[in-house]
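Colleague: Numbering (our numbering), first residue to last: 359 to 462.
All C-beta atoms, glycine included, are put in the ideal place defined by N, C-alpha and C.
Handing you a structure now.
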C-alpha cells in the first residue's frame, strides 16, 4: 500500500509544512519515509510549526500533536486548533487582540 504522505509533493528541504490529506489541518512532514529527524532538526521543525500555528490560529491557540495516529509509519506532526473558546479569547486579549464577534 502506498503511503499518502510520500505521495505529497516534495520540496527542497528535508521537511515541509502542508495541509494533511486526511484532515486538512497543518501538517509538518518529514521528507523521508523510513528515517527520523535528529534532535536539532526536530527543534527547528517545532519552531517553524509554532510560527505557522500562530499565524493560522492566533498566538498560542493551537497544540502540536507529536503523536498522531493517522499515518503511523511516516514521521509527521499536526498543528491542531485550540477548541476551548474561553481560552482562545483570554489569549487573544492577553496579546492585545480583539476577537470578531458574530453580527458585529
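Out of 429, 442, 444, state which residue places its alpha-carbon closest to the alpha-carbon of residue 391.
Modeller: Along the chain shown, one-based indexing puts residue 391 at 33. If we check each option's Cα against that of residue 391, 429 comes out closest.
Colleague: Along the chain, which unbroken stretches of the alpha helix (DSSP H) at least 4 residues long are found entirely within the stretch 399–428?
Modeller: Here no run is fully enclosed.
Colleague: Quick one: using the 10 Å Cβ neighbour count with 16 as the cut-off for buried, is residue 411 buried or exposed?
Modeller: Translated into the one-based positions of the chain shown, residue 411 becomes position 53. It counts as buried.
Colleague: Taking the beta strand (DSSP E) that residue 395 falls in, what are its first and last residues?
Modeller: Position 37 of the chain shown, counting from 1, holds the residue named residue 395. Careful: residue 395 lies outside any beta strand (DSSP E) and carries neither H nor E.
Colleague: Per DSSP, what kind of secondary structure is residue 379 in: helix, strand or coil?
Modeller: Here residue 379 is taken as the residue at index 21 of the chain shown, counted from 1. Coil at residue 379, not helix or strand.
Colleague: Go ahead and label residue 419 buried or exposed: buried means 16 or more other beta carbons lie within 10 angstroms of its beta carbon, across all protein chains shown.
Modeller: Taking the first residue of the chain shown as 1, we reach residue 419 at position 61. By the neighbour-count criterion, in which a residue is buried when 16 or more other Cβ atoms sit within 10 angstroms of its Cβ, residue 419 is buried.
Colleague: Quick check on DSSP: helix, strand or coil for residue 439?
Modeller: Along the chain shown, read from residue 1 onward, the residue named residue 439 stands at position 81. Strand, per DSSP.
Colleague: With a cut-off of 8 Å on the beta carbons, I'd call residue 432 and residue 385 a contact; round off their distance for me.
Modeller: Residue mapping note: residue 432 aligns to position 74 of the chain shown, counting from 1. Residue mapping note: residue 385 aligns to position 27 of the chain shown, counting from 1. Not a contact, Cβ separation roughly 10 Å.
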